Structures are given as C-alpha cells and as structure tokens.
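> First to last, the protein sequences are chains A and B.
Letter by letter, the first sequence follows residues 0 to 365 of numbering that gives the first Met the number 0.
Letter by letter, the second sequence follows residues 0 to 263 of numbering that gives the first Met the number 0.
Even glycine gets a Cβ: it sits at the ideal position worked out from N, Cα and C.
Just so you know, these numbers come straight off a predicted model, no measurement behind them.
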Amino acid sequence: MNVSEPMIAIESVSKLFGSVRAVDDVSLDIARNEFFAILGASGSGKTTLLRILAGFEIPTTGEIFVDGESVAEVLPNRRPTNMVFQSYAIFPHLNVAENIGYGLLNKGLSKTEIASEVDQMLQMIRLHGYGSRAAHQLSGGERQRVALARALVCKPKVLLLDEPLGALDKKLREEMQFELRQLQRLVGITFVFVTHDQEEALTMADWIAVMSKGKIIQVDTPSRLYERPKAREVAEFIGNINLLPGTVRHIDGHVVVDAGKIGEFQVPLGDRVVSPGDTVTLAVRPEKLTLRSERPGSGFNALRGRLTAESYAGDRSFYLVEVPELGKEIKVVDLNEASSADRAAVSGDDQVWVAWPVESGLLLTG
Amino acid sequence: MMRQGKIRGLVPVILGIYIFILYGPVLLLPLFSFNDNIYMTFPIRDLTLKWYGQMIEEKAMITALWASVKVTAAIASTIFGFMSAKAMVTYKIVGKGYVLALIMVPLVVPSIILGASLLSFFRQFLDVELTLWTVALAYTLISTPFSLLVIMARLEGFDRSLEEASADLGMSAWQTFRRVTLPLAMPGVLASLLLSFMVSFDEFMLAFFLSSNQATLPVYMYGLLRFPDFLPAILALGSCILVVSVALISTAEWLRRGQDKTLH
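1. How many angstroms separate the CA atom of F317(A) from the CA atom of I188(A)?
2. Using a Cβ-Cβ cut-off of less than 9 Å, list which residues of the region 101-112 of chain A approach chain E; keep chain order.
3. Quick check: V253(A) and V357(A), are their CB atoms within less than 8 Å of each other?
4. Contact check, S165(B) vs V179(B) under 8 Å by CB: the rounded distance?
5. Using CA atoms only, rank isn't needed, just tell me which of Y311(A), S86(A) and I124(A) is closest to I377(A).
6. Quick one: residues in its chain with C-beta nearer than 8 Å to the C-beta of A343(A), no 5 flanking neighbours on either side, listed in chain order?
7. Would you say L183(B) lies against chain A (beta-carbon separation less than 8 Å)?
8. Between T71(B) and Q174(B), what straight-line distance do the alpha-carbon atoms span, to the nearest angstrom?
9. At what residue ranges does the region 161-229 of chain A contain a whole run of the beta strand (DSSP E), taking only runs of 3 or more?
10. By the 10 Å Cβ neighbour count, where 16 or more other Cβ atoms means buried, how is D333(A) classified, buried or exposed?
11. Tell me the rounded alpha-carbon separation between D228(B) and Y219(B).
12. According to DSSP, what are the bridge partners of Q265(A)?
13. Flag N76(A) as yes if its beta-carbon sits less than 8 Å from any beta-carbon of chain B, otherwise no.
14. For G80(B) and I150(B), what's the separation of their Cα atoms in angstroms?
15. Where A53(A) and F16(A) are concerned, what is the direct C-alpha to C-alpha distance, given to the nearest angstrom?
16. Does DSSP put P144(B) in a helix, in a strand, or in coil?
17. Using beta carbons (cut-off 8 Å, strictly below), is E155(B) in contact with chain A?
18. Just verifying my parser: in three-state terms, what is the DSSP assignment at I9(A)?
19. With a cut-off of 8 Å, does the C-beta of A166(B) fall near any C-beta of chain A?
20. If you draw a straight line from the alpha carbon of A8(A) to that of M120(A), how long is it in whole angstroms?
21. When the Cα of M175(A) is compared with those of E328(A), L224(A) and R142(A), which residue comes out closest?
22. Indicate whether F34(A) and M203(A) have their beta-carbon atoms separated by less than 8 Å.
23. Please confirm whether V233(A) and I250(A) have their CB atoms less than 8 Å apart.
24. Count the other CB atoms within 10 Å of the CB of G44(A); is the residue buried (16 or more) or exposed (fewer)?
25. Measure from the alpha carbon of L179(A) to the alpha carbon of each residue in A36(A), N239(A) and V25(A), then state which is nearest.
26. Can you find a CB in chain A that lies within less than 8 Å of the CB of L262(B)?
27. Buried or exposed: which applies to L209(B), given that a residue is buried once 16 or more other Cβ atoms fall within 10 Å of its Cβ?
28. Look at the Cβ atom of L154(B), then the Cβ atom of A190(B), and state whether they are nearer than 8 Å.
29. Under the three-state reduction of DSSP, which class applies to Q213(B): helix, strand or coil?
30. With DSSP as the reference, identify every bridge partner of Q350(A), one or two as the case may be.
31. Output yes or no for whether 8 Å exceeds the beta carbon distance between P155(A) and F192(A).
32. Assuming K14(A) contacts T59(A) (C-beta within less than 8 Å), just tell me the rounded distance between them.
33. Looking at the secondary structure, which residues open and close the alpha helix (DSSP H) in which K91(B) lies?
34. Among the residues of its own chain, which have a CB less than 6 Å from the CB of L224(A), if the five just before and after it don't count?
35. Is there a Cβ from chain A that is less than 8 Å from the Cβ of G187(B)?
36. Less than 8 Å between the beta carbons of A40(A) and I57(A), yes or no?
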C-alpha cells in the first residue's frame, strides 16, 4: 500500500438525475488521515457526491478509487466506508449497544467479542453505561455520538459525515466541532464531511472543496480559501467580502483597476492573467479595511463615503459606509484591539475615508 | 356567546342519540342471547346461557374449519399488501396513483357484483370446482387494500436512511429487510393480519356466491334465520362474533397507534 497515494481518488465523476447534472465532471483526491470538507449551498451536489462515495448512488460516468481499489459499482455493504447520516439514523427498535454493535453482526465475531468492542466504543464516546438505553432516550448530541461509534466500530478506511452538526443547537455544535476534530486525530481515519456552513468547514477541516452547481470550484486549505479565493463565488460564499467591479487600466507591478466614478485602485496581480481592458472585480475583506478621517498616503487604496451604521460587538465593531457611486454599502469590521486616533475621529454621519493596504486587495476575474 | 353555550350544552344529548341509533340495535343481540325465550320480545324472561351451549355444540365445527381459510387469506393479503406497500414507498413508480387505485377497486365495487363476477370467472372461465380455497382467494382480494393501507402508513412513517444505514453497516438487502424493515413494520403487519381476518370474517356476499355447499359462518347463520328455533343460538353466535370483532379491531388500532412510540 502506497502511503503517498490518495485515500480517495475521484476521477471525472458525473451523476445525472434525468437531465439534471447533480455532479458535473468532478475530479478530486483526498489524502490519507485528512479531515476533508465538501462545502456548498443546498443543491450544489455535495450530498450527491457523498452518497456516491458511500455507494447509495452509482455515478453515471467516472471512476472512484478508495485506497487504490475501484468502488464505483460496489454495493454500500461491501465498501470500506461508513457513514454518519444527517438524521443519525439510529435504529429505533434497538438499544444503544445493539445499535453500535450492528455493523459487527456480519463479521463472524462471538457475542463476547462484540460486547467488548461495543464497550470500548462507549468509553470512547463517553457514554459508558448507556448500552441498554433505548434510542428515544438519547439527546441530540448523544445520538450523534452513537452514530459516530456505530460507524467507527466497523473500522472503515473512510468515515463519511453528512451535515454532522446540522441537527444540533448552536452551543452543542461548537462543542462538537472540537470533539469531532479530536476524534479524527485519535482514530486516524480519513473523514469526509459535507456541510453548507462555511464556518464549520473553516474550523474543522484540513482541506475544503467548494462545490457549486455540481462542480468543484476550488480545493484548498481553509486559510488559502479565505485569503486567496480563486473565484468570485468562493469569495462570496466564504465569509464577508466587499466587491468593486472595474476594468484593468494598466499593469505595472500592481494591477491598476479603474472602478469608474469611485476611483482607481491598485491590487496585486497574484497568479491571475489579465490584460488591459479586461473586466475584473476587486475584492477586499471587511476586516482589512480601516476608517479614516483623512485620505491615507501611498501604499493604500481609499474611497470616500458616508458612515451610515455602526454596531459595537465587544471584540469587534461593524460599520457600513455608503458609497453613492457604487450603489451599495461597504462593510468594515474593526477588531477593537487598540484605540486608534483615527477611529475616534469618526462619528455620526461623517464623511469618511475607507482605506486598505494595496497588498490586502484581491483580484478576481469573472 | 349565549348561542354557542346553548349549542355546547346540546352536544352530550346529540352524542347520546347518535350512539343509541348506532349501537342500540347491535346491543339487542347480546341482550336477547341471554333471554330464556326463542322469540326476540320484551320483557326479558329469565337469564340463561343455554343458547351458548347449543351454539358451541353445533357451530364449533364450521367456525374452526373456516377460521383456517380466513387466516390463510389474512396472511396472503398481508404478504401482498406488504410487498406493494414497500414498492410504493421505496420506488418512484410511474403512475403510482393509478396502481394504488387499481388495488383499491375491491373496496368500492359492490360485493354482490364482485361475487357474481368471481363466480363466473371461477366456474365458466377457469372451470374450477368451488372450494374453501376459491373463497380464500376472494377474501385475499378484498382484504389486500386494507393490508396495503395499514402497512403503507407504517412504512411511510420511518426514516429512509435507516435502511441505508443498515446497508452501509454491511448488511445485504435481505438482512436489512429482516433486521430493520420487518421489525419496524411489525405493528403494521399485525394490524393488517387482524384487519384482513376481520374483513373475511364478516364477509357474506362473496362466501354466499363462492362457498358451494360448505357454508361460512355468516352464510350458515343466514340459512338458519328461517327457523325460529335456531334464532337464540344465532344471537349467541352473533354476540360472540361482536365481541371478537370489537376486540380484534381495537387491538389492530392500538397496534397501529403504537407506531409513534417506536419511531421517535
């Protein structure tokens, strides 16, 4: 077994439902022992892709390899993958121990062997002594842990999780994010999880694939997805971002973007290929912006607007700056770490300058 | 407000009249079955159990014989009902509504028409002798809609991912059926068995047409109604059927409702 070989290799997989391309020519490698997220809005095809990995859907075209073996047409019960369902799918007619031991019934183990494996799992998910409880006596968080244990006891090569935290309330969700992360490190199994929650993906995953309309539009680490989105769709989907449409004026070291009436801005080229006259979008995250009472000097971009809303949230403050020529408001987030003289000077319905260092702008094409 | 209050006061009265009209005549049956008189007239003379004794002597044989036929029909209709319910719930079937309607047809076709057409079908078209088993077939036909409805309601109630989870955990389709689908559907299956047994048990028209010289209980009772001497025994028999019917239907309903507890 080649360790450098990916655990999962998806090769030009498409899935059609009638004439709808739920998954459209997706190719993707997922490395061993990785916590991998597939992120997308509903209808993006992310759940279909996961169900293809589990074997509940057969891809219309394409190949899938798990640990080097082709599985595209292997039935779910013969795959080295196990799944945690969105609803958790805890068997209502079985108790907790029977639920967890379910996947072992077929493996030729004795009753005592099954019982001891189940016991170990109960220890791991910190539900020791819960074995004889009925499924309906469990809370949401407990059900999720039972579902995890029931899948992990089968020692899969890949654990698939469909919106694993979707059914939990906010506080529990935040706790479980850490727990899932720790559990993945502990068991050393490749986790592939599907979510529509960008924050969940950013905090938990090592790598994220962003899906939209059946296609994967970017696969990257959380920080690169956030800092260097390749497409406007990714930039808009992950976090907040301000977008300024314009055309390329000229390129000298930086790209100079002509944004019409609101002015001219500089932006690093990055790995883009553009030429003068191209339509582009300049993107900048709210927390990279600062409010100033005077126009900053060189090395900064700035545009003028009117401060229309301000809200204080303890560790940070949110501002909205109306720029009439842009037709929309610019979002500014200020992390309240130091009291800046500039900020103090801004008040009420003042005219302000929104400024950002040239280097923190992003050039998006399309 | 006043008017509403008055109407609300009338509710128990209306309810009382309703229940009396609905169940009053039925209750005459058990009442006169204990009466020591062969005529159904008031006043009640003496209370007696002798009609029950007479009934047990004479009718026990028929009851036992036909019970097996009805059980067979109940099992067959439950199997057919289960299979069609599973297909309806699991797959996207083209024209599902029409298929359902087709299975439901015996519910709305008058049983005299069903009986007459089955008779000519069996005798003239297939040219088979009328036996207990031709009746069993007819019973299966009329009970399958009940089985289908009861089991389908049950299957629709549970999460599809339970069966997927079972497959995901290594079980074959048959093992998944045996370990997940069947246990979860069991209350529906039992309710279907009881209901379809009841449907055949009460059935008169089909048995009248199809049972040849071996009369079912209702047909036998119908035959005896002409002789006043037998009336009290028939009342006793009818009372027993009433009690069994109510007990079976109540059990079926109780099982059907039990689903809420096991599903969530």
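With the given structure in hand:
1. 40 Å
2. Given the protein chain composition of this structure (A and B), no chain E is represented.
3. The residue asked about is misnamed: residue 253(A) is His in this sequence, not Val. Contact annotation: H253(A) and V357(A) have beta-carbon atoms nearer than 8 Å.
4. 5 Å
5. Outside the displayed span of chain A (0 to 365) sits residue 377(A), for which this structure offers no information.
6. Residue placement at A343(A) cannot be trusted, given a pLDDT of 48 that sits under 50; what the coordinates show is reported in the next sentence. Nothing meets the Cβ criterion.
7. Residue-level contact by beta carbon holds for L183(B) and chain A, with a gap shorter than 8 Å.
8. Spanning the two alpha carbons is a distance of roughly 26 Å.
9. Counting only runs of at least 3 residues, the region 161-229 of chain A fully encloses the following beta strand (DSSP E) elements, listed from N- to C-terminal order: 189-194, 206-211 and 214-219.
10. Looking at its Cβ environment, which holds 16 or more other Cβ atoms inside 10 Å, D333(A) is buried.
11. Rounded to the nearest angstrom, the two C-alpha atoms are 15 Å apart.
12. DSSP lists V255(A) as partners of Q265(A).
13. yes
14. 7 Å
15. 17 Å
16. helix
17. no
18. strand
19. yes
20. Cα-Cα distance, rounded: 29 Å.
21. R142(A)
22. Between F34(A) and M203(A), the C-beta spacing is below 8 Å.
23. no
24. buried
25. For L179(A), the nearest C-alpha among the options comes from A36(A).
26. Bear in mind that the predicted position of L262(B) carries a pLDDT of just 47, short of 50, making it too unreliable to give a figure here.
27. buried
28. no
29. coil
30. DSSP, once it has assigned bridges, lists R305(A) as partnering Q350(A).
31. no
32. 5 Å
33. K91(B) -> no alpha helix (DSSP H), and no H or E assigned at all.
34. I207 and I237
35. no
36. no
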